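> Here's a structure for you.
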DNA sequence: CAATAGATCATCT
DNA sequence: GATGATCTATTGC
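Here is the structure:
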């Protein structure tokens with residue numbers, strides 16, 4: 037997962053920070069409350085995008101990771117911009133350096149132009165796609181507690197590529 | 001530089 | 001009607 041390349045149109049980035057949400061056993065996960073209109077995609081087959089709107093102004097991108105019936109997902113928290121830097125800058129006037137373009141769940145969705153219209157998109161087909169790195173990442177993964185949530189915040193489910 | 005408040009709406013109770 | 005997997009600008013040292 038970490039190190040994978042995310043591509044949407046002219047913009048692309050390397051996934052360097054993610055958080056896992058375990059579904060039914062994880063009180064912090066949206067799927068914890070069961071199947072609803074918003075979480076239904078989480079209960080489907082893996083490899084699909086789960087996009088949700090939060091705080092009235094931000095959207096977050098997740099990948100469904102668990103088999104059908106098991107609502108696990110991974111929140112993409114941060115990317116390292118690889119392509120389409122100009123496009124990203126145009127979308128994010130407040131970012132001062134490249135590292136700021138895609139740092140944070142809400143920021144990367146704006147830089148990559150990912151919105152609710154991509155809810156349920158198949159990541160193997162597009163318009164957003166994910167590609168494995170040439171060689172697996174190793175030795176640079178840091179595990180930390182999760183961020184920004186109310187319950188189970190101290191579960192070590194945040195993974196950062198250094 | 002650290003801490004805090006405000007923006008703003010889809011979804012759930 | 002309340003809440004939230006956030007970001008930014010502003011205020012206070």
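Residue numbers (the working numbering): 37 to 198.
Note that beta-carbon positions come from the ideal geometry of N, C-alpha and C, so glycine has one too.
In this text, all values refer to a predicted model and were calculated from it rather than measured experimentally.
1) Ignoring anything shorter than 4 residues or poking outside the region 130-196, list the alpha helix (DSSP H) runs there in chain order.
2) Counting only the same chain and skipping the five closest in sequence on each side, list residues whose C-beta sits under 6 Å from that of residue 123.
3) Considering Cα atoms alone, identify which of 86, 121, 151 is closest to residue 138.
4) Tell me whether residue 198 is buried or exposed, calling it buried when 16 or more other Cβ atoms sit within 10 Å of its Cβ.
5) According to DSSP, residue 117 sits in a beta bridge with which residue or residues?
6) Sorted by chain position, which residues of the same chain lie with C-beta nearer than 8 Å to residue 103's C-beta, five sequence neighbours on each side aside?
7) Closer than 7 Å by C-beta to residue 165: which residues in its own chain qualify, once you throw out the five before and the five after it? Chain order, please.
8) Would you kindly work out how many angstroms separate the C-alpha atoms of residue 113 and residue 70, rounded to a whole number?
9) Work out the CA separation of residue 195 and residue 178 for me, nearest whole Å.
10) Checking 8 Å against the spacing of the C-beta atoms, do residue 97 and residue 144 come in under that value?
11) Under three-state DSSP, which class holds residue 38?
12) Expressed to the nearest angstrom, what Euclidean distance is found between the alpha-carbon atoms of residue 151 and residue 108?
13) Between which residues of its own chain and residue 142 is the CB-CB distance below 6 Å, once the five residues before and five after are set aside?
So, from the data block:
1) With a minimum length of 4 residues, the continuous alpha helix (DSSP H) runs that stay inside the region 130-196 are 134-137, 141-147.
2) If the five residues before and after residue 123 are omitted, its C-beta is found closer than 6 Å to the C-beta atoms of 46, 47, all from its own chain and listed in chain order.
3) The candidate whose alpha carbon is nearest that of residue 138 is 121.
4) Counting Cβ neighbours within 10 Å, residue 198 comes out exposed, since fewer than 16 surround it.
5) For residue 117, which the question treats as bridged, DSSP gives the partners 49.
6) 81, 82
7) Counting only Cβ-Cβ distances below 7 Å, and skipping sequence neighbours, we find 43, 159.
8) About 24 Å.
9) 6 Å
10) Residue 97 is a Cβ neighbour of residue 144, given a cutoff of 8 Å.
11) Three-state DSSP puts residue 38 in coil, outside helix and strand.
12) 21 Å
13) 94
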